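Residue numbers (the numbering used here): 4 to 96. Ideal Cβ positions, reconstructed from N, Cα and C, are used throughout, including at glycine. Since we're looking at a predicted model, the values are computed, not measured.
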Amino acid sequence: MRNMEKEKIIDQIMDLLVKLSESDDEEKPAEKTEKKPAEMLTIKECCEFVHGVSEHSIRQFITQGKIKSIRTGEGKHGKILVNKDDLLAFFGT
């Protein structure tokens, strides 16, 4: 293969790479989504948010693993927090 042929091939490859990078740049803004921080609720707030459900029921759903939760702190002073989106998904609202 001569040098001229190699240079033509390299030029063609470079043109294709430029076109690919331009098409990737056009798609990126559509893919960007801002992730909002999770809103966490205490058990009491869950009951206020979902009317007709008692604190005992919320605690039972957490114990049964039906609603995901996290515990902050230790002992009786620790709070149980529930993600608002998970709570809504469980109750289907």
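Note to self: Could you compute how far the alpha carbon of E58 sits from the alpha carbon of K47?
What the structure shows: To locate residue 58, count along the sequence shown from 1; it is residue 55. To locate residue 47, count along the sequence shown from 1; it is residue 44. A direct Cα-Cα distance of roughly 6 Å separates E58 from K47.
First and last residue of the uninterrupted alpha helix (DSSP H) at R62: As a working mapping, residue 62 is identified with position 59 in the sequence shown. Per DSSP, R62 belongs to the alpha helix (DSSP H) from E58 to T66.
If you draw a straight line from the C-alpha of A92 to the C-alpha of I12, how long is it? Translated into the one-based positions of the sequence shown, residue 92 becomes position 89. Translated into the one-based positions of the sequence shown, residue 12 becomes position 9. Inter-residue distance for A92 and I12 is about 56 Å (C-alpha atoms, whole angstroms).
Discussion item. DSSP has S72 in a bridge; who is on the other side?
Written reply: The sequence position of residue 72 within the sequence shown is 69, counting from 1. Looking at the DSSP assignment, S72 forms a beta bridge with V85.
Name the DSSP bridge partner or partners of L44? Translated into positions along the sequence shown, residue 44 becomes position 41. Its beta-bridge partners are V85.
task = Ignore the nearest five residues each way along the sequence and tell me which others in K38's own chain have a CB closer than 7 Å to its CB.
result = Within the sequence shown, residue 38 is the residue found at index 35, counting from 1. Cβ neighbours of K38 within its own chain (closer than 7 Å, five residues either side excluded): none.
Item to check | Nearest neighbour of L90, chosen from G78, E42 and H80 [CA to CA] | outcome: The residue you call residue 90 lines up with position 87 of the sequence shown. Minimum Cα-Cα distance from L90 among the listed residues G78, E42 and H80 corresponds to E42.
Expressed to the nearest angstrom, what Euclidean distance is found between the alpha-carbon atoms of D88 and K9?
The residue labelled residue 88 in the question sits at position 85 within the sequence shown. The residue labelled residue 9 in the question sits at position 6 within the sequence shown. If you take the alpha carbons of D88 and K9, they lie about 58 Å apart.
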